[in-house]
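Reading through the structure tokens given below for one structure.
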Amino acid sequence: MRSKLLNLDAYDTDKIKNGYLDVYEPILAPWVNEEITLLELGVYRGGSLKLWRDYFPRGTIVGTDRKLPPDFRPGERIQVFEGHHGDKKFLSEVASKTAPDGFDIIIDDASHIGEKAKRAFWYLFHHHLKPGGLYAIEDWGTGYLDDFPDGKQFNPRTPILRRVRSLLPQRIGTKMKVPFPCHSYGMVGFVKELVDEQGAASIAMGSKVGWRKSKFKNVLITPGIVIVTKAASTLAA
344 MRSKLLNLDA YDTDKIKNGY LDVYEPILAP WVNEEITLLE LGVYRGGSLK LWRDYFPRGT
404 IVGTDRKLPP DFRPGERIQV FEGHHGDKKF LSEVASKTAP DGFDIIIDDA SHIGEKAKRA
464 FWYLFHHHLK PGGLYAIEDW GTGYLDDFPD GKQFNPRTPI LRRVRSLLPQ RIGTKMKVPF
524 PCHSYGMVGF VKELVDEQGA ASIAMGSKVG WRKSKFKNVL ITPGIVIVTK AASTLAA
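Counting in my numbering, the sequence shown runs from 344 upward without gaps.
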């Protein structure tokens with residue numbers, strides 16, 4: 344494995360202690376010696392960008408963040424851009440400058456807020472990820488945690504909860520019987536949307552819309568990361 348050749352203690356990133364690199368390695372192995380272009384949304388202090396630069400010796404590494412670390416010096420084969428990952432114009436400008444033919448790998452380690460992650464995913468997936476490319480979404484499990492925006496309990500007066508209530512008939516008084524409110528929104532709801540896309544062919548069976556294949560080749564879901572492989576062709580069959 345490529346990581347065996349690196350001094351992992353030298354990189355200021357939680358991808359190592361969280362076991363994320365162990366998840367990535369078998370999937371990234373075919374890409375290691377290729378001239379790939381990797382985009383990471385959310386760079387923190389820049390440690391993971393340096394990890395990816397050394398992990399892919401022929402790769403170009405691109406990072407974005409709403410506020411870049413002031414002391415970070417990108418160095419060879421790393422480019423960084425300041426802007427919001429929910430801004431399509433910004434993402435388009437970054438892509439046109441660094442990967443006009445599309446990114447090979449995209450990693451979202453940014454806000455961990457479902458709506459923002461979803462918006463960035465579908466835009467980049469459709470417009471700036473190569474066929475067969477990888478799109479990873481890190482820390483999706485924060486959608487279960489109360490100290491993250493998506494994991495907080497619903498305000499019962501919000502329109503989204505009223506809509507969810509109307510779709511779920513089982514109630515006790517004014518309270519719903521659901522195990523986690525985040526199942527219907529946020530990071531967890533976004534991941535469930537990705538599962539539905541993987542099952543597009545089955546969902547469409549017998550529907551009036553007609554059959555179509557998934558835009559995904561496959562989806563890997565682990566406790567910390569979701570990795571989507573884009574199908575060779577995303578056109579409906």
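No residue lacks a Cβ here, since even glycine has one placed at the ideal position from N, Cα and C. Just so you know, these numbers come straight off a predicted model, no measurement behind them.
Distance, residue j Cα to residue i Cα
i: residue 421; j: residue 385; result: 14 Å
i: residue 542; j: residue 557; result: 7 Å
i: residue 481; j: residue 407; result: 15 Å
i: residue 345; j: residue 442; result: 24 Å
i: residue 348; j: residue 398; result: 9 Å
i: residue 469; j: residue 477; result: 12 Å
i: residue 461; j: residue 573; result: 15 Å
i: residue 492; j: residue 486; result: 8 Å
i: residue 381; j: residue 490; result: 30 Å
i: residue 546; j: residue 538; result: 11 Å
i: residue 464; j: residue 575; result: 17 Å
i: residue 562; j: residue 363; result: 16 Å
i: residue 560; j: residue 370; result: 13 Å
i: residue 411; j: residue 387; result: 8 Å
i: residue 404; j: residue 446; result: 10 Å
i: residue 529; j: residue 389; result: 26 Å
i: residue 361; j: residue 450; result: 16 Å
i: residue 393; j: residue 554; result: 44 Å
i: residue 534; j: residue 440; result: 30 Å
i: residue 432; j: residue 531; result: 26 Å
i: residue 419; j: residue 379; result: 15 Å
i: residue 434; j: residue 466; result: 9 Å
i: residue 452; j: residue 383; result: 7 Å
i: residue 376; j: residue 436; result: 27 Å
i: residue 455; j: residue 395; result: 21 Å
i: residue 414; j: residue 544; result: 48 Å
i: residue 548; j: residue 483; result: 29 Å
i: residue 417; j: residue 540; result: 36 Å
i: residue 459; j: residue 444; result: 24 Å
Identity of the residue in the options nearest residue i by Cα
i: residue 473; options: 564, 351, 448; result: 448
i: residue 353; options: 455, 466, 391; result: 391
i: residue 457; options: 576, 569, 475; result: 569
i: residue 401; options: 435, 369, 373, 567; result: 373
i: residue 536; options: 564, 378, 419; result: 564
i: residue 488; options: 567, 418, 471; result: 567
i: residue 587; options: 479, 431, 548, 415; result: The chain is shown only over 344 to 580; residue 587 falls outside these bounds and no answer can be derived.
i: residue 365; options: 351, 377, 376; result: 351
i: residue 471; options: 453, 483, 438; result: 438
i: residue 430; options: 548, 409, 475; result: 409
i: residue 571; options: 475, 417, 414; result: 475
Beta-bridge partners of residue i, as assigned by DSSP
i: residue 383; result: 406, 450
i: residue 568; result: 481
i: residue 562; result: 571
Which runs of the beta strand (DSSP E) at least 3 residues long sit entirely within the region 414-480? Give them in chain order.
421-425, 446-451
Using 8 Å as the threshold, is the region 423-442 in touch with the region 350-365, meaning 3 or more CB pairs across them?
Fewer than three beta-carbon pairs drawn from the region 423-442 and the region 350-365 are found closer than 8 Å, and the two stretches are therefore not classed as touching.
Length at least 4, wholly inside the region 346-382: the alpha helix (DSSP H) runs in chain order
The region 346-382 contains these whole alpha helix (DSSP H) runs: 357-360, 363-371.
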